[in-house]
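Once you know that position 170 of the sequence shown is 170 in the working numbering, the rest is easy, because the numbers rise by one and skip nothing.
Ideal placement from N, C-alpha and C gives every residue a C-beta, glycine not left out.
Notes for the one structure printed next.
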Amino acid sequence: MRGKLWVSAIAVGGILICVWGAGHAQEKEKAAAKKIAIRAGRLVDGKSEAALTNALILIEGERIVSVSAGGAAPAGVEVIDLSKATVLPGFVDTHTHLLLNGDITAEDYDVQLLKQSIPYRAILSARNARIALEHGFTTMRDLETEGAMYADVDIKNAIANGEVPGPRMQVATRAMTPTGMYPLLGYSWELQVPKGVQYVDGVEGARKAVREQVMYGADWIKYYSDRRYHFEADGVLHSMVNFTDEEAKAIVDETHRLGKKAAAHAIGSDGIAAALRAGVDTIEHGDGLTDALIDEIARKGVYWVPTITVGAYVAPGRGGNWTKMVDLEKVAFQKALKKNVKIALGTDAGGFDWKEVNQAKEFGYYVNYGMTPMQAIRAGTVVPAELLGWSDKMGTIEAGKWADLVAVSGDPLKDITELERVKFVMKGGAVFKNDVR
Ligand SMILES: [Zn+2]
């Protein structure tokens, strides 16, 4: 009895200390919250139809306090002069693989899983995160580690803790296919080789795997809806569906039950149809979208992440149907745009080498395929913020949102490739890069 009383007294004392500690920390943060004023020559805020000229953005700590037309910066506030530049919201890539470094051929892939340890790959992923931030990507959804287990959760945490520079992250951990439907394949049965995904079989297995991945930090559950893409006489891109409908529905249902969202890799029409039947939140790649599937994806409000950069990058090296698939996706993109499908920018970075290709190339493809530059910018800022469930925190430049900003020298509304030459990056009110002259 006495022991118990003593323990509860300690507990109460502990709570008091915690409350005091939190208050103290808040006060300290308030005192330290840095105030910055940014003078933007041209501002694309993500909301307005046109760019605003000569805008003043006030930032306190990690958030934007106000955005106004012109006016003087308050006294004693650090002013960053971007009056000769265009300021935009930080970019978002909703489909990346920080733990992969180029994947044109099966050999490229196998070598990384067989010859590089997960710690080595994690070190490279920190480098890749820095490259992404340098290119203006202040937020990313990393869609599976390709055999590196839960290392994406570690890189996400290291960035969030300020240990290494990089974008804000939502991560999918290991991804799923049924047994035997994802590499590494083709090795002697005597060898235990690593797998690029978690093999998951049966309805109960699906629910358990979702629980396990969420336990270890998955924000998203990703599964491979299909493989083996091929054209048939109907001219439609078909594919082999990996999971039974019961299994796919169990994955998505358990994901939603745990408050998370589901993404499906779906390239062929059969794989896309199966993923839509299962109730996924996002369709990845989607090359084989038919008219009927475009109607369905629009009606259901599912997001489409086209990843055109990777398709164009791997097609020459992979040969076969890949070039034809890139052409097919362009037509699907134009139709989807007319039907107001929610298109979110995603590149599949990691499928191409982070050091070779700037993710921001994707914006250019969207404009080439029929978007206005403003639509393309929204596809890489506002729309992804919705997809991530972070619309209240990011995606536009307005009061209350995170101060995640980029700047380029020219006018991206005239030349979208300006976005491949980011000169200034701020994430959460901290300047990461400033090469504006
Ligand atoms: Zn991918």
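Around ligand 1, Cβ to any heavy atom closer than 6 angstroms, ordered along the chain: After applying the 6 angstroms Cβ criterion, the set is 95, 97, 143, 348 and 351.
7 angstroms CB neighbourhood of residue 260 in its chain, flanking five on each side removed: Position 260 of the sequence shown, counted from the first residue, corresponds to residue 260. Once the five neighbours on either side are set aside, the close Cβ partners of residue 260 are 214, 218, 219, 220 and 221.
Cutoff 7 angstroms; reference residue 268; Cβ partners in own chain excluding five residues on either side: Numbered from 1 along the sequence shown, position 268 holds the residue referred to as residue 268. Around residue 268: 226, 229, 237, 238, 239 and 288.
Counterpart residues of residue 176 in DSSP-defined beta bridges: Your numbering for residue 176 matches position 176 in the sequence shown. Answer is 198 and 223, bridged to residue 176.
Distance between residue 105 and residue 185 (C-alpha atoms, nearest Å): For the purposes of this step, residue 185 is taken as the residue at position 185 of the sequence shown. For the purposes of this step, residue 105 is taken as the residue at position 105 of the sequence shown. If you take the alpha carbons of residue 185 and residue 105, they lie about 13 angstroms apart.
Helix, strand or coil at residue 83 according to DSSP, with G and I counted as helix: The residue labelled residue 83 in the question sits at position 83 within the sequence shown. Strand.
Rounded separation between residue 159 and residue 407 - CA only: One-based indexing of the sequence shown puts residue 159 at position 159. One-based indexing of the sequence shown puts residue 407 at position 407. Put simply, the backbone Cα of residue 159 is about 22 angstroms away from that of residue 407.
Reference residue 413; option with closest CA among 377, 433 and 401: As a first step, residue 413 must be located in the sequence shown, where it is residue number 413. Among 377, 433 and 401, the Cα nearest to that of residue 413 is on 377.
Run of the beta strand (DSSP E) containing residue 366, from where it starts to where it stops: What you label residue 366 is simply residue 366 of the sequence shown in a count that begins at 1. Careful: residue 366 lies outside any beta strand (DSSP E), inside the alpha helix (DSSP H) at 361–368.
Cβ pair residue 129, residue 98 closer than 8 angstroms: Here the question's residue 129 lines up with position 129 in the sequence shown. Here the question's residue 98 lines up with position 98 in the sequence shown. Going by C-beta atoms, residue 129 is nearer than 8 angstroms to residue 98.
Backbone CA spacing between residue 112 and residue 152 [nearest angstrom]: Indexing the sequence shown from 1 puts residue 112 at position 112. Indexing the sequence shown from 1 puts residue 152 at position 152. One C-alpha to the other measures close to 16 angstroms.
For residue 284, the three-state DSSP class (helix, strand or coil): Here residue 284 is taken as the residue at index 284 of the sequence shown, counted from 1. In the structure shown, residue 284 adopts extended strand secondary structure according to DSSP, grouped into three states.
Three-state secondary structure assigned by DSSP to residue 188: Taking the first residue of the sequence shown as position 1, residue 188 is located at position 188. Correct three-state label for residue 188: coil.
N-terminal and C-terminal residue of the alpha helix (DSSP H) that residue 314 is part of: Translated into positions along the sequence shown, residue 314 becomes position 314. First-last of the alpha helix (DSSP H) with residue 314: 308–318.
Residue 181 CB to nearest heavy atom of ligand 3 below 7 angstroms: No copy of ligand 3 occurs in the structure displayed; its ligands are ligand 1 alone.
Inter-residue Cα distance where the pair is residue 142 and residue 94: Reading the sequence shown from its first residue, position 142 is the one you call residue 142. Reading the sequence shown from its first residue, position 94 is the one you call residue 94. Between residue 142 and residue 94, the C-alpha separation is close to 7 angstroms.
Length of the line joining the Cα atoms of residue 22 and residue 60: Residue numbering aside, residue 22 sits at position 22 when the sequence shown is read from its first letter. Residue numbering aside, residue 60 sits at position 60 when the sequence shown is read from its first letter. Bear in mind that a pLDDT of 43 at residue 22, under 50, signals an unreliable position, so the number given afterwards is only what the model happens to contain. Answer to the nearest angstrom: the Cα atoms are 20 angstroms apart.
Proximal residues to residue 62 (C-beta, below 7 angstroms), its chain only, five neighbours per side dropped: Here the question's residue 62 lines up with position 62 in the sequence shown. Counting only Cβ-Cβ distances below 7 angstroms, and skipping sequence neighbours, we find 402, 403, 428 and 429.
Buried or exposed by the 16-neighbour rule on C-beta atoms within 10 Å, applied to residue 192: Your numbering for residue 192 matches position 192 in the sequence shown. Within a 10 Å sphere around the beta-carbon of residue 192 sit fewer than 16 other beta-carbons, which makes this residue exposed.
Beta-carbon proximity of residue 345 to residue 362, cut-off 8 angstroms: The residue labelled residue 345 in the question sits at position 345 within the sequence shown. The residue labelled residue 362 in the question sits at position 362 within the sequence shown. The Cβ atoms of residue 345 and residue 362 lie closer than 8 angstroms to each other.
Residue 342 - partner residues in DSSP beta bridges: As a first step, residue 342 must be located in the sequence shown, where it is residue number 342. For residue 342, which the question treats as bridged, DSSP gives the partners 303.
Segment limits, beta strand (DSSP E) that includes residue 60: For the purposes of this step, residue 60 is identified with residue 60 of the sequence shown, where counting begins at 1. Residue 60 -> beta strand (DSSP E) spans 52–60.
Backbone CA spacing between residue 37 and residue 374 [nearest angstrom]: Locating residue 37 in the sequence shown gives position 37, where the first residue counts as 1. Locating residue 374 in the sequence shown gives position 374, where the first residue counts as 1. Whole-angstrom Cα-Cα distance: 25 angstroms.
Endpoints, the beta strand (DSSP E) within which residue 240 is located: Your numbering for residue 240 matches position 240 in the sequence shown. Taken as a continuous stretch (DSSP letters only), the beta strand (DSSP E) holding residue 240 covers 237–241.
Which of helix, strand or coil DSSP assigns to residue 334: Along the sequence shown, one-based indexing puts residue 334 at 334. Residue 334 falls in the helix class under three-state DSSP.
Rounded separation between residue 107 and residue 369 - CA only: Within the sequence shown, numbered from 1, the residue matching residue 107 stands at position 107. Within the sequence shown, numbered from 1, the residue matching residue 369 stands at position 369. The C-alpha of residue 369 is placed about 32 angstroms away from the C-alpha of residue 107.
Validate contact between the region 243–251 and the region 163–173 using beta carbons, cut 8 angstroms, 3 pairs: With a cut-off of 8 angstroms, the region 163–173 and the region 243–251 do not count as touching, because too few Cβ pairs lie within range.
As assigned by DSSP and simplified to three states, the class of residue 150: Translated into the one-based positions of the sequence shown, residue 150 becomes position 150. DSSP places residue 150 outside both helix and strand once states are collapsed to three, so it counts as coil.
Top-ranked residue by Cα proximity to residue 92, from 144, 298, 102 and 379: On the sequence shown, residue 92 is found 92 positions in, with the first residue counted as 1. For the residues 144, 298, 102 and 379, the minimum Cα distance to residue 92 belongs to 379.
CB of residue 432 within 8 angstroms of CB of residue 85, strictly: Taking the first residue of the sequence shown as position 1, residue 432 is located at position 432. Taking the first residue of the sequence shown as position 1, residue 85 is located at position 85. No.
C-alpha distance - residue 194 paired with residue 326, whole-angstrom precision: In the sequence shown, residue 194 corresponds to position 194, counting from 1. In the sequence shown, residue 326 corresponds to position 326, counting from 1. When rounded, the distance between both Cα atoms is 30 angstroms.
6 angstroms Cβ shell around residue 81 - same chain, five flanking residues per side excluded: Counting from 1 along the sequence shown, the entry for residue 81 is found at position 81. Leaving aside the five residues that flank residue 81 on each side, the residues in its chain whose CB is nearer than 6 angstroms to its CB run, in chain order, 39.
C-alpha distance - residue 26 paired with residue 426, whole-angstrom precision: For the purposes of this step, residue 26 is taken as residue 26 along the sequence shown, with counting starting at 1. For the purposes of this step, residue 426 is taken as residue 426 along the sequence shown, with counting starting at 1. Below a pLDDT of 50, predicted positions are generally treated as unreliable, and residue 26, at 49, falls in that range; the measurement from the model is reported next regardless. So the alpha carbons of these two residues sit roughly 23 angstroms apart.
Straight-line Cα distance separating residue 33 from residue 19: Start at 1 with the first residue of the sequence shown, and residue 19 comes out as number 19. Start at 1 with the first residue of the sequence shown, and residue 33 comes out as number 33. Per-residue confidence for residue 19 stands at a pLDDT of 38, beneath the threshold of 50, marking its modelled position as unreliable; the derived number appears in the next sentence. Distance between the alpha carbons of residue 19 and residue 33 is about 21 angstroms.
In DSSP terms, what residue 402 is bridged to: If you number the sequence shown from 1, residue 402 lands on position 402. Listed as beta-bridge partners of residue 402 by DSSP are 63.
Option nearest residue 389 by Cα separation, candidates 331, 179 and 262: Taking the first residue of the sequence shown as position 1, residue 389 is located at position 389. Closest by alpha carbon: 262.
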